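Below: one structure, written as structure tokens.
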Amino acid sequence: MLNPKNIRQLSKILGSDRLKENVSLASHTTFGIGGPAQLFYEAKTSKELIRVIKAARQVKIPYFILGGGSNILVADQGFAGLVIRVKIRKLKIKSSKIIAEAGIPLAKVVKAAQEHALSGLECCIGIPGTIGGAIVGNAGAKNQWINQCIKSVTILDESCKIVSLKKDNCQFGYRTSCFRDNPLKIVLKAIFELKKENPRIIKEKTKQSLEVRGDQPKEKSAGSIFKNPANDSAGRLIDAAGLKGKKVGEAQISPQHANFIINLGRAKAKDVLTLIRLAQNEVKEKFGVELELEIKLIGFKRKEIENIIN
Ligand code: EPU
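Just so it is clear: in the sequence shown, position 86 is 1512 by the working numbering, and no numbers are missing.
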């Protein structure tokens, strides 16, 4: 629990009407799972976002940046800190460039590109979440990822300076970037360099991307739970281990795609953790492969997750 003195200090800086207490995170995640954030703040402009981050650092309150909530599992006890929901949503199109703030849903940027006959973002069709989350986790499909059309990313760095990083300095890789495990580098916006293209061709590429994605489970989930191991599929391995459809409480390894855990109604985070542990153990035992998490775990005690490969 946070020190009440620190909460008062933060509230003074941000305004007591804007800093909320005890906000359920379940409704802010696509999983629909998780307890409350002790503190919750919605940043609607980049100025507000910078101010809240500076304030949290100054007052030394742990914080977590929340985008679309599509790639996280929040603990049942919630998060004993400040959740900063990024709702900065300015979008500009300048000839073949799109400049998008971190809080815009990825789907909106994909649509804007299509409408302006700009090609490059077709691989992101159908992916939930925000631009910020997509950049942090380098979202994409099989072999095409969002980083391929990024020109630069503007961040708030460790010393609260606004810095623009060229694509090559962002350390993009499969489902990762230099922002992924670094809460001190906050994505503010990105510039996408796209290519003018015949709308018919964009439509065709989009259709192909949707086909590659295939049908994914429609139930509440956090997308793929694990990263794919080199030259294999986490879904295939979990399936081959015989775990498809396995249920714990109201959490289930999807009968449709084994790399998805679905929430059948009132699943608890601890049930999901049990399934994660089971999948990691069985796949390790049967095939000697270590499955690494793609989702981020928020608010868990070290003890609760000590035997999970993160
Ligand atoms: N497979 C099974 N059983 C299963 C699931 C899959 O046998 O339960 C087999 C499939 O038949 C196929 C192979 O495993 O032969 C690969 O499966 P799939 O085509 O579904 O792709 P994936 O590797 O599971 C990856 C990404 C998805 C992305 C799709 C399409 C990861 C972890 N997953 O899935 O990304 O949508 O390719 O591009 O990289 C995400 O990251 O959240 C995500 C959904």
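Think of the CB as a built atom: it goes at the ideal place given N, C-alpha and C, for glycine as much as any other residue.
Small disclaimer: the values here were computed from a predicted structure and weren't measured.
Taking a contact as a CB-CB distance under 8 Å, the pair Ile1588 and Leu1614 counts as one, their CB atoms being some 7 Å apart.
Note that the C-beta distance between Ser1522 and Lys1438 is not below 9 Å.
Uninterrupted beta strand (DSSP E) stretches at least 3 residues long and entirely within the stretch 1611-1687 occur at 1612-1619, 1677-1679, given in chain order.
In the three-state reduction of the DSSP assignment, Pro1462 falls in the strand class, which pools E and B. A distance below 7 Å between beta-carbons, with the five flanking residues on each side excluded, links Phe1713 to the following residues of its chain, in chain order: Leu1663. Shortest gap from the CB of Lys1568 to any heavy atom of the ligand EPU: under 8 Å.
Secondary structure note for Ser1590: its beta strand (DSSP E) is the uninterrupted segment 1588-1592.
Cβ neighbours of Leu1701 within its own chain (closer than 7 Å, five residues either side excluded): Lys1672, Val1674, Ala1677, Ile1679, Ile1687. Boundaries of the beta strand (DSSP E) around Glu1447: 1446-1450.
Residue environment: Ile1627 is assigned as exposed (fewer than 16 neighbouring CB atoms within 10 Å of its CB, all protein chains considered).
Judged by DSSP secondary structure, Phe1605 falls outside any alpha helix (DSSP H); it is assigned neither H nor E. Between Val1478 and Ile1510, the C-beta gap is smaller than 9 Å, which places the two residues in contact.
With a cutoff of 8 Å, Asn1654 counts as near the ligand EPU, since its C-beta is closer than that to a heavy atom of the ligand. Per DSSP, Lys1729 lies in no alpha helix (DSSP H) and is assigned neither H nor E.
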